[in-house]
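A.B. asks:
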Amino acid sequence: NCINKKVLQRLGEDLAYTFKGLYKTSDWLEWEYKILLLFPILLGLISLGLDCYIPPLYLKIFSIWCIYSTVHILANQKSYEKISGYRKLADEFKKLYDEVEFKYYCSDFSNLDELKRKKDELMNKISEYPISKVGRHWSRWKIKKEMNLNWIYEN
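Now the structure itself:
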């Protein structure tokens, strides 16, 4: 019984950190995309009327940054197109996490192998949606604030 609880706790912890990492990676990609799109828009607005007030060196630096942001967006377009896929996969992990948590509280230790198999199937999909370093660190920082993981760490 105690061993089965530990199995569910470990499974729940893996699922929690994985789905939170996927969510935070998608949040980061969305944020990065919007910020990088903002620079060319700002340069356009600045050059429409404020260019006489801004030293040419600053305009050139800003132009270089706009070129960089545009090239970065184009080079990483496939990553930005995956934002909804990240969220969909994260939802699948969250659904399995909820199932594991429910089984833990109900002391239902049937089908543990089935839960592990489902997790393994989901983990196979991760190669298409890798969790970024930013997503990993952001999820570690936010997970305890956004979730109640007490059941995972109780003895």
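70 is the number of the first residue of the sequence shown in my numbering; add one for each residue after it. Where a beta carbon is used, it is the ideal one built from N, C-alpha and C, also for glycine. Just so we're clear, the structure is a prediction, and the values are computed from it rather than from any experiment.
1. Which class does ASN219 belong to by DSSP, given the choice of helix, strand or coil?
2. Using the Cα positions of LEU218 and LYS151, report the straight-line distance between them to the nearest angstrom.
3. Taking the alpha-carbon positions, what's the PHE178 to TYR92 distance?
4. Please tell me whether LEU117 and VAL169 are closer than 8 angstroms, where the distance is taken between their beta carbons.
5. In chain order, what residues of the same chain have a beta carbon less than 6 angstroms from the beta carbon of ASN73, not counting five sequence neighbours either side?
6. Specify, as a first and last residue, the run of the alpha helix (DSSP H) that LEU106 falls within.
7. Restricting to Cα atoms, I'd like to know which of ASN224, ILE195, TRP220 and ASN145 is closest to GLY90.
8. Please state if the CB of TRP207 and the CB of TRP100 are separated by a distance shorter than 8 angstroms.
9. DSSP three-state call for SER176: helix, strand or coil?
10. What I want to know is whether the C-beta of ALA159 ends up closer than 7 angstroms to one or more non-hydrogen atoms of the ligand HEM.
11. Under the three-state reduction of DSSP, which class applies to TYR149: helix, strand or coil?
12. Sort GLU215, TRP220, ILE212 and GLU161 by Cα distance to PHE171 and report the nearest one.
C.D. replies: In short:
1. helix
2. 28 angstroms
3. 29 angstroms
4. no
5. PHE178
6. 71 to 118
7. ILE195
8. no
9. coil
10. For the structure depicted, the ligand HEM is absent and the ligand set is empty, with no information on it obtainable.
11. helix
12. TRP220
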